[in-house]
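This report concerns only the one structure given below.
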Amino acid sequence: MSTFAPREVPFVLDDVSPELGIKNENDTDYNRIKITQKDLGSLSVIGSLTRVEYGKWADRDACLIGFRFQFQKGNSLAYRFSRADIAIEFQARPPKNPGDDPAVLRYGPKYLRSTGTAEQVGWHYTASLSASPGLGPVSIEPGIEIGRSGSYTRQYAAEVESDDWGSRKHRKPNCVKIWMREDDKQEQGIPLELLAAVVVEAGGPFQAKVSIKVDTVFNLIAWPWSKDDPLLLEPGVNFGPSLRSSEPEIDFSTITSEEWRLLVTPDLLVRDRQ
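For the sequence shown, counting from 1, position 14 maps to 78 in my numbering; every step adds exactly one.
Shown next as structure tokens:
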């Protein structure tokens with residue numbers, strides 16, 4: 065028996081294990097809520113659909129789509145999400161010529177710079193002093209303890225930028241790219257949640273391909289990820305709350321700054337400028 069003889073150990077993939085992507089139940093599985101999910105221990109990256117509303121952009125058919133992205137760290141101490149790259153690409157369904165793909169008309173947030181989430185942190189220093197010969201006129205009893213305490217505010221900061229994009233074959237952008245980065249000085253990770261919204265010109269059935277890339281370590285350890293099915297969208301099939309419940313059909317070109325704030329940063333309060 066040659067125990068030191070070279071040998072190869074093949075890796076056998078179970079037929080079910082590679083099926084990590086989120087799949088459509090059928091060709092009419094419109095407005096799938098769970099777009100994508102990747103898990104690694106207590107770390108999770110989740111993309112969800114929050115709203116789909118059809119209306120107009122001036123005289124053109126248009127659609128407003130809302131997204132929610134979650135970056136959950138859980139109780140992990142060794143890893144955190146320091147960056148995330150998100151791409152939302154819209155295509156005609158079934159895919160045709162690039163000129164038939166929905167064009168991106170408006171999107172948000174375009175830029176967010178977080179000054180940080182405040183957290184009060186307390187500290188306390190103690191020192192135990194023991195009496196010993198030769199202290200001179202000052203005498204300290206054995207076991208006496210002195211200390212000092214205080215608190216400070218720690219800020220968690222991050223930066224979010226986005227832009228529209230289209231391949232060289234597209235005359236109009238059909239994709240929105242979002243970049244999230246942690247503050248390079250604090251290194252406390254990116255926010256747990258990001259909301260985004262996109263208005264596209266859509267005169268027929270279309271689909272959205274959502275890609276989320278996070279830290280290299282996460283992708284290497286959990287690789288390979290199978291692709292998710294595209295999100296199927298069908299004209300007239302709405303989902304979620306209406307932007308303006310009083311209007312049966314909204315002209316999305318009239319969306320106000322306050323309405324955009326509620327779409328992408330509903331938890332931020334607008335402060336009056338003094």
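Idealized CB from N, CA, C, for every residue including glycine. None of these values were measured; they are calculated from a predicted model.
Between L176 and V240, the gap from beta carbon to beta carbon reaches 7 Å or more.
By the neighbour-count criterion, in which a residue is buried when 16 or more other Cβ atoms sit within 10 angstroms of its Cβ, N90 is exposed. By the CB criterion at 7 Å, R124 and E323 fall outside the cutoff. Two segments are said to touch when three or more pairs of C-beta atoms, one from each, lie closer than 8 Å; by this definition the stretch 115–123 touches the stretch 295–307.
In the structure shown, the three-state DSSP call for G111 is strand. Residue environment analysis places V301 among the exposed positions, since fewer than 16 neighbouring C-beta atoms fall within 10 angstroms of its C-beta. Excluding the 5 residues flanking it on each side, F131 has same chain C-beta neighbours closer than 6 Å at A260, in chain order. Between the beta-carbon of R147 and that of D247 there is about 11 Å, and that puts the pair past the 8 Å contact cut. Per DSSP, reduced to three states, the secondary structure at D315 is strand. The beta carbon of R325 sits closer than 6 Å to none of the beta carbons in its chain outside the five residues before and after it. Buried is the label assigned to P237, since at least 16 other Cβ atoms lie within 10 Å of its Cβ.
Here R235 is exposed: its Cβ has fewer than 16 other Cβ atoms, across all protein chains shown, within 10 Å.
In this structure, I314 lies away from F145, with their beta-carbon atoms at least 7 Å apart. One alpha carbon belongs to P294, the other to G267, and they sit about 18 Å apart. Under a 10 Å Cβ-count criterion, A122 is classified as exposed, with fewer than 16 other Cβ atoms of the shown protein chains found around its own Cβ. Beyond the five residues adjoining it in sequence on each side, L169 comes within less than 8 Å, by CB distance, of W121, A126, V263, V264, E265, F316 and S317 in the same chain, given in chain order. Per DSSP, R144 lies in no alpha helix (DSSP H) segment and is marked neither H nor E. About 4 Å separates the CB atoms of P173 and V328; that is less than 8 Å, so the two are in contact. In the same chain as F270, and ignoring 5 residues on each side of it, the C-beta atoms closer than 7 Å to its own belong to F154, Q155, A156, R157, P166 and L297, in chain order. Using a 10 angstroms sphere on the CB of I319, the tally of other CB atoms reaches 16 or more, which defines it as buried. Buried is the label assigned to R96, since at least 16 other Cβ atoms lie within 10 Å of its Cβ. Residues of the same chain with a CB within less than 8 Å of the CB of Y171, apart from the 5 flanking positions on each side, are S226, D228, V240, A260, A261, V262 and V263 in chain order. Judged by their CB atoms, L256 and F135 are nearer to each other than the 7 Å cut-off. Where S321 is concerned, the enclosing alpha helix (DSSP H) starts and stops at S321 to V328. In this structure, the alpha-carbon of Y94 lies about 35 Å from that of N139. Bounds of any beta strand (DSSP E) do not take in R232, whose DSSP letter is neither H nor E. DSSP lists I110 and E257 as the beta-bridge partner residues of Q134.
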